[in-house]
Amino acid sequence: MAGDLDQAAKIFTEVRPRLFGIAYRMLGSAAEAEDLVQDVWLRWQAYDRDTVENPGAFLATTTTRLAINELQSARARRETYIGPWLPEPVDTGADPYLGAERGEALEFAVLMLMEKLTPTERAAYVLREAFDYPYSQIASILQSTEPAVRQLVSRARKHVTGERKAPVSEVVQRELLATFLEAARTGDLEELEKLFAADVASVSDGNGARNVSRKIVVGAARVAKFIAAFSSWYWEGVEIRWITANGQPSAVLTRKGELLGVVSLTASADGIDELFWMLNPEKLGAVTNEGGPLS
149 MAGDLDQAAK IFTEVRPRLF GIAYRMLGSA AEAEDLVQDV WLRWQAYDRD
199 TVENPGAFLA TTTTRLAINE LQSARARRET YIGPWLPEPV DTGADPYLGA
249 ERGEALEFAV LMLMEKLTPT ERAAYVLREA FDYPYSQIAS ILQSTEPAVR
299 QLVSRARKHV TGERKAPVSE VVQRELLATF LEAARTGDLE ELEKLFAADV
349 ASVSDGNGAR NVSRKIVVGA ARVAKFIAAF SSWYWEGVEI RWITANGQPS
399 AVLTRKGELL GVVSLTASAD GIDELFWMLN PEKLGAVTNE GGPLS
């Protein structure tokens, strides 16, 4: 029995990064994904493993189905969340693909767009776009047909890509973030407004924390004034360091060693389209405050 359990643990450990990658993309929360993967492990321990021909497929199926169920509960919990809800940032510097063949369905903007999909659409999209599962296997996982799965993926893809502008390169994005943070420190209204697209949105996730906006601020002039309004007090003593969060250049904000939050953005040829302020301390557990200094 001990040897059998050791073999079960070995198999599970090998596929665990993929299981976490599926769960995180489905739920947008590293903490919830960790809990779900732990649940999968407990089920795998108790299961009659002699009946399983393909352990990797079995574990991926279990993870996906549990994630679909969990997403229903997660959405109910988010209805009581105070202010905007943002995905929980994960440091992808060490694992750029977060358990996937491709680094798809990881960016904050994409995860937010996926929130509008049905759980089944989201699962089909994640399995196809991030992990390149064959349609036939996705159909088996979702207990559906291959034509139906193709439609699910097509609808999800159109929704996700149809609402996005062509993004700038990673280098340009990092330069924009550095320039923005400098302008935010000084409260330079003119410089801030020049960086923004006309319909820029600033989204702050603090779950009701003090001094964190509970509404999305939209429009170049309004966002510039909003950022400038706290420049005189917020940035005192704040240190800024780079990490790669969700595959994007992001800034970790700390003060006297305390992790304050993570700032990231999306940008197109029009300028900065979205600013993401992840300031809920309960959602920063998957982020390190180590990284290269902002320059």
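Per the working numbering, the very first residue in the sequence shown carries number 149; after that it's consecutive. For every residue, glycine included, the Cβ atom is placed at its ideal position computed from N, Cα and C.
Taking Ala-345 and Ile-289 to be in contact with their CB atoms under 8 angstroms, please state how far apart those CB atoms are, rounded to whole angstroms. The beta-carbon separation of Ala-345 and Ile-289, rounded to 39 angstroms, does not stay under the 8 angstroms limit for a contact.
On the premise that Leu-219 lies in contact with Leu-153, defined as a C-beta separation below 8 angstroms, what is that separation, rounded to the nearest angstrom? Not confirmed; about 31 angstroms, so no contact.
Alpha carbon to alpha carbon, how far is Glu-252 from Leu-259? Give it in angstroms, no decimals. One alpha carbon belongs to Leu-259, the other to Glu-252, and they sit about 10 angstroms apart.
Just to confirm, is the Cβ distance from Ala-257 to Ala-304 under 8 angstroms? No Cβ-Cβ contact shorter than 8 angstroms links Ala-257 with Ala-304.
Using only the alpha-carbon positions, how far apart do Ala-415 and Arg-225 sit? Answer to the nearest angstrom: the Cα atoms are 30 angstroms apart.
Residue of Thr-211, Ala-156, Pro-244, Arg-298 minimising C-alpha distance to Ile-391: Nearest option by C-alpha distance: Pro-244.
Could you tell me how far apart the beta carbons of Val-435 and Val-411 are, in whole angstroms, since I believe they sit closer than 8 angstroms? So it is not a contact: roughly 11 angstroms between Cβ atoms.
Is the beta carbon of Leu-427 closer than 8 angstroms to that of Val-351? No.
So, for Glu-255: in the same chain, excluding its five sequence neighbours on each side, which residues have a beta-carbon less than 7 angstroms away from its beta-carbon? Excluding five sequence positions before and after Glu-255, the CB atoms of its chain that fall closer than 7 angstroms to its own CB belong to Asn-394, Gly-395, Gln-396, given in chain order.
Using 8 angstroms as the threshold, is the C-beta distance between Leu-407 and Leu-423 below it? Going by beta carbons, Leu-407 and Leu-423 fall outside the 8 angstroms limit.
For Gly-169, which of helix, strand or coil comes out of DSSP? Correct three-state label for Gly-169: helix.
Along the chain, where does the beta strand (DSSP E) that runs through Pro-397 open and close? 396-403 is the span of the beta strand (DSSP E), which, as asked, contains Pro-397.
Under DSSP, the beta strand (DSSP E) around Thr-414 begins and ends at which residues? For Thr-414, the uninterrupted beta strand (DSSP E) segment begins and ends at 406-416.
Considering only C-alpha positions, which residue in the set Val-319, Thr-334, Ala-278, Gln-299 is nearest to Leu-413? When each option's Cα is compared against that of Leu-413, the closest is Val-319.
What does the alpha-carbon distance come out to for the pair Asp-187 and Glu-339? Asp-187 and Glu-339 have their C-alpha atoms spaced approximately 49 angstroms apart.
For the beta strand (DSSP E) that contains Ile-230, what are its first and last residues? It is not in any beta strand (DSSP E) - Ile-230 carries neither H nor E in the DSSP assignment.
Of the choices Gln-291, Lys-313, Asp-347, whose alpha-carbon is the least far from that of Ile-216? Cα-wise, what sits closest to Ile-216 is Gln-291.
Please go through the region 280-368 and give each complete beta strand (DSSP E) segment of 3 or more residues, from N-terminal end onward. Whole beta strand (DSSP E) segments, 3+ residues: 344-353.
Simplified DSSP assignment, three categories, for Arg-389: Here Arg-389 sits in strand by DSSP.
Where Trp-425 falls: helix, strand or coil (DSSP): In the structure shown, the three-state DSSP call for Trp-425 is strand.
One question on the structure: do Arg-276 and Val-301 come within less than 8 angstroms of each other, judged by their Cβ atoms? Their beta carbons are under 8 angstroms apart, which means Arg-276 touches Val-301 by this criterion.
Grab the span of the alpha helix (DSSP H) containing Tyr-195 for me, first residue to last. Counting along the chain, Tyr-195 falls outside any alpha helix (DSSP H), and DSSP gives it neither H nor E.
Measuring alpha carbon to alpha carbon, tell me which of Asp-418, Gln-155, Ala-399, Glu-430 ends up nearest Gly-241. Taking each of Asp-418, Gln-155, Ala-399, Glu-430 in turn and checking the Cα distance to Gly-241, the smallest one comes out for Ala-399.
What distance in whole Å lies between the Cβ atoms of Lys-313 and Asp-239, which are believed to be in contact at a cut-off of 8 angstroms? Not a contact, Cβ separation roughly 26 angstroms.
Closest Cα partner of Thr-334 within the set Thr-211, Met-262, Phe-206, Ile-375: Checked all of Thr-211, Met-262, Phe-206, Ile-375; the closest Cα to Thr-334 is Ile-375.
Short of 7 angstroms in beta carbon distance, which residues of its chain neighbour Glu-269, apart from the five on each side in sequence? Order them along the chain. For Glu-269, where only same-chain residues beyond five positions count, the Cβ hits under 7 angstroms are Leu-300, Arg-303, Ala-304.
Where does Asp-183 sit, in a helix, a strand or coil, going by DSSP? When DSSP states are grouped into helix, strand and coil, Asp-183 belongs to the helix group.
Do you know whose CA, among Arg-213, Ile-230, Glu-311, Gly-247, lies nearest Leu-89's CA? Residue 89 is absent from the structure shown; the chain starts at 149 and stops at 443.
First and last residue of the alpha helix (DSSP H) that includes Ala-271? That run of the alpha helix (DSSP H) goes 267-273.
With DSSP as the reference, label Asp-152 as helix, strand or coil. Of the three classes helix, strand and coil, the one that applies to Asp-152 here is helix, per DSSP.
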